[in-house]
Amino acid sequence: MKIFGGKKKEMESVKNIDNIDKKIIKLIQKDPNITHTELAKRVGRSQPTIGIRVKKLEKLGLINYQAGINIKNSEFYFSKIDVETKDPDEICELVEKCPFMLTAFRLSGKTNLNIIAVNPELLGIERVVNYYLRDRDDVLNLSVNLITKTTNSIVLPLDLDFKMCKDCKLKKYCSRYNF
0 MKIFGGKKKE
10 MESVKNIDNI
20 DKKIIKLIQK
30 DPNITHTELA
40 KRVGRSQPTI
50 GIRVKKLEKL
60 GLINYQAGIN
70 IKNSEFYFSK
80 IDVETKDPDE
90 ICELVEKCPF
100 MLTAFRLSGK
110 TNLNIIAVNP
120 ELLGIERVVN
130 YYLRDRDDVL
140 NLSVNLITKT
150 TNSIVLPLDL
160 DFKMCKDCKL
170 KKYCSRYNF
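Note that numbering that gives the first Met the number 0 has the sequence shown beginning at 0, numbered continuously upward.
Take a look at the structure:
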């Protein structure tokens with residue numbers, strides 16, 4: 000079984016980073032748009048040194064950047080869908096195709112899949128759950144909860160063009176949203 004990143008190299012890298020790397024990571028997490036010049040001022044190193052360290056941290060997979068919708072600041076409805084299924088891989092493939100299902104997490108235990116879904120309307124979340132999940136033979140149990148608050152920012156990609164919707168029966172609902 001592959002555990003999350005599962006990369007031994009990344010785990011070793013985390014053990015070997017120094018306090019300066021930790022400061023750089025912390026500052027970039029607070030503000031992904033911070034310049035190398037500003038990082039250099041705050042960390043007390045030269046800008047070229049910061050550039051080298053940032054590149055190293057990116058290469059090791061310890062820093063990554065992602066544009067998307069911030070759950071904390073959005074006016075959309077977000078839901079957490081817990082699924083007990085016989086075939087989590089097949090459900091994960093569905094998640095990859097639906098722009099309203101942002102990501103899925105494989106879990107250990109009886110409930111073996113968690114999906115984060117988004118929609119500008121509550122009815123939209125219900126449609127996605129009913130169409131994709133509720134009536135499937137391989138879904139044994141399903142629980143949907145609305146996310147009402149987050150303590151930290153969470154940024155997830157959202158396909159605003161609905162390119163993956165071409166064969167979907169829900170396309171008529173997706174295409175009506177003008178973002």
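All C-beta atoms, glycine included, are put in the ideal place defined by N, C-alpha and C. Here the structure is a predicted model, which means the values were calculated and not measured.
Legend entry - Any 3 or more C-beta pairs closer than 8 Å across the region 124-142 and the region 70-80: yes
Legend entry - Same chain only: Cβ atoms within 8 Å of residue 31, ignoring 5 sequence neighbours per side: Along the sequence shown, one-based indexing puts residue 31 at 32. These residues qualify, in order along the chain: 64.
Legend entry - residue 146 beta carbon less than 8 Å from that of residue 70: Here the question's residue 70 lines up with position 71 in the sequence shown. Here the question's residue 146 lines up with position 147 in the sequence shown. Against a cut-off of 8 Å, the Cβ pair of residue 146 and residue 70 comes out as a contact.
Inset, instruction - With distances taken Cα to Cα, identify the nearest neighbour of residue 139 among 111, 119 and 125. - result: Position 140 of the sequence shown holds residue 139. Out of 111, 119 and 125, 111 has the C-alpha closest to the C-alpha of residue 139.
Legend entry - Among 109, 107 and 143, the one whose alpha carbon lies nearest that of residue 123: Within the sequence shown, numbered from 1, the residue matching residue 123 stands at position 124. Out of 109, 107 and 143, 143 has the C-alpha closest to the C-alpha of residue 123.
Legend entry - Limits of the unbroken alpha helix (DSSP H) element including residue 61: In the sequence shown, the residue the question calls residue 61 occupies position 62. It is not in any alpha helix (DSSP H) - residue 61 carries neither H nor E in the DSSP assignment.
Legend entry - Given 8 Å, three or more beta-carbon pairs between the region 148-159 and the region 88-102: yes
Legend entry - residue 1 - DSSP class collapsed to helix/strand/coil: Numbered from 1 along the sequence shown, position 2 holds the residue referred to as residue 1. Caution is warranted here: a pLDDT of 42 is assigned to residue 1, below 50, making its placement in the model unreliable, and the coordinate value is therefore given only provisionally. Three-state DSSP puts residue 1 in coil, outside helix and strand.
Legend entry - Close Cβ partners of residue 39 (< 8 Å) along its chain, the five nearest in sequence each way excluded: Residue 39 sits at position 40 when you count from the first residue of the sequence shown. The answer, listed in chain order, is 45, 46, 48 and 49.
Legend entry - Proximal residues to residue 35 (C-beta, below 6 Å), its chain only, five neighbours per side dropped: Locating residue 35 in the sequence shown gives position 36, counting from the first residue. Cβ neighbours of residue 35 beyond the five flanking positions: 46, 49 and 50.
Legend entry - Proximity to residue 137 [Cα-Cα], best of 88, 168 and 116: On the sequence shown, position 138 is the one that residue 137 refers to. Closest by alpha carbon: 88.
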